[in-house]
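Structure, as structure tokens:
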Amino acid sequence: MQFKNVLSDKRVPVDTPVNAIDENGKAVFGTFKSEFEKMDFLKIKGQSPYVPDWYNKFRYTMWEAVEVNLKDALFLTAVCDMGWFMTALTCFYDKKTKKVTYWKKTLRHRGASVSYNLLNGDTTESVYKNLKIKIVNHFERGNAYVLGCAHHDKKGDIKYDITLERVSLPSVVSIPFGENKPLYTQKDLFKATGYIEFQGKRYECDEDSAGIIDDHRGYYPYSAHYDWVTTMGRKEIDGEKKFFGFNLTRNQSVCQTDYNENLIWFEGETSRLTPVRFEHIEYNKWRIRDVYGMVDITFDIGDRYIMRMPYKVIDVNYHITFGELKGYVCDEDGNKYILDGMGAIGEDKTLHF
């Protein structure tokens, strides 16, 4: 089946404006060809009818995360600024034991920062004593550099040094959650080289290792929820092993058809995907499908990292899941790609803040 006739033209990337927020304080919505040079989200006007603009700094959420898929492991490291507090997190998932080990630090705004943009060496960083993360962004030349380390008396140590080289086109979207309430995200697929050393064992990137950088900024409703799953690596396509990945999310977009971030990455190109829904069939089994038969995936979860912050004003119920896929996705021309056995990372996040 040809799926192009059910895919919105608004999902075709257009030239990127200089700033994600225009001179009148209005967000620019749509799908774009490249990263924004300026992202002045704090200058937005009227993102909420319930709070004044000076309160933006407490509502603005941003993070930069790196996910890497290796032969025997899945890896994630991130720095997040949720307005009221900062979180630095590193996770290592052993595919053989199906166990995740994590190192986390949450503090007010000390010891961590998220880059302003993804250009010219701008850096996301955590300098906490036992949790160091550094992501150096050079997206203008298609690469990034990730290094860090963490220590915990019981969990042990991790250190990593990874270089990422872009192998596809970027996914850059600005999604309306309201009239002037944007959620921007850029995700890119990379070839990964380097290593991760976990509890004294060295895991080297090989020719199939791939990574994704997830840059995320914007304003959520007071009560928010989203589900997300991604994979990255190399698979056989037309008789040749090539880099491949996908991104699937269901969030509070005001129009899922026109504004979503669902796509397949191929080497040098991308293919749009339709809106999807996530079914949590069991605690450790999700089903992700669309209504046209373009996507039908089962996500078997091996383990998860859980953050719970049940406070009076802020309530966070956040699950980062690690496991393996079964099923398929189709490109716009109807070609089917079997995903069985590919490692995957997902999120199930509920917020009240």
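According to my numbering, the sequence shown holds residues 6 to 358 in order. All C-beta atoms, glycine included, are put in the ideal place defined by N, C-alpha and C.
Selection from the options that minimises the alpha carbon distance to residue i
i	options	result
G183	Y150, W291, T303 and Q52	Q52
I311	R277, T262, G351 and C335	G351
A149	I180, G161 and V73	V73
R146	F80, L174, P187 and E241	L174
R292	L47, F271 and L253	L253
L75	N135, Y189 and Y200	Y200
P280	M6, Q7 and R16	R16
I359	N142, Q204 and Q191	The shown model of the chain, from 6 to 358, leaves out residue 359, and the question about it has no answer.
W59	F34, W233, S13 and F46	F46
K331	N322, W233, K160 and A349	A349
D219	E209, T190 and E245	T190
V296	L278, Q257 and E69	L278
R113	D263, M87, N122 and N125	M87
T355	D77, Y231, Q261 and E284	Y231
E245	D263, F271 and P226	F271
L12	T262, V33 and T326	T262
Y224	L169, P187 and H285	P187
V259	L123, F34 and F8	F34
Rounded separation between residue i and residue j - CA only
i	j	result
T198	K50	42 Å
M91	V132	12 Å
V105	P22	40 Å
D338	D243	15 Å
D211	D320	40 Å
R207	T36	39 Å
K101	I138	26 Å
D127	G216	19 Å
N340	L268	14 Å
T236	T111	27 Å
D301	M44	35 Å
D20	K38	6 Å
V177	E40	7 Å
K31	G307	42 Å
L344	D14	27 Å
D42	K290	The residue asked about is misnamed: residue 42 is Glu in this sequence, not Asp. Cα to Cα, the separation comes out at about 39 Å.
Y288	Y323	14 Å
A229	D353	11 Å
Span of the beta strand (DSSP E), counted from its first residue to its last, around residue i
i	result
P181	S176 to G183
G198	In the sequence as displayed, the identity of residue 198 is Thr instead of Gly. Element bounds for T198: K186 to F203.
F248	E245 to R255
M237	S228 to I242
G348	G348 to H357
Y323	D320 to C335
L152	N148 to H157
D219	A215 to Y224
E130	D127 to Y133
G339	Neither: G339 is in no beta strand (DSSP E) and is coded neither H nor E.
K206	K206 to E209
K137	L136 to H143
E284	R282 to E287
Contacting residues, own chain, Cβ-Cβ under 6 Å from residue i (five flanking each side not counted)
i	result
A117	V84, M91, A93 and S131
T95	T82, W108 and A155
V151	V71, I140 and I167
S214	L75 and A197
T326	I306, R309 and G351
Own chain, CB closer than 8 Å to residue i, minus 5 neighbours either side, in chain order
i	result
N29	K50
G238	N74, D213, S214, A215, F248, F249, G250, M347 and G348
E266	S176, V178, I180, T190, K192, N252 and T254
P226	F182, G183, K186 and Q257
N122	E40, F41, E42, K43, M44 and N142
N24	V33, F41, E42, K43, M44 and D45
Cutoff 7 Å; reference residue i; Cβ partners in own chain excluding five residues on either side
i	result
L136	A93, T95, W108, K110 and A155
R294	V281, R282, V300 and D301
R255	Y231, D232, V281, R282 and F283
K48	I26 and G30
**Asked** Which runs of the beta strand (DSSP E) fall wholly inside the stretch 36-115 and span at least 3 residues, in chain order?
**Response** You should have 65-74, 78-86, 91-99 and 104-112.
**Request:** Report the residue ranges of all beta strand (DSSP E) runs contained in full by the stretch 8-39; include only those spanning at least 3 residues, in chain order.
**Result:** Counting only unbroken stretches of 3 or more residues, the beta strand (DSSP E) elements lying wholly within the stretch 8-39 are 35-37, in sequence order.
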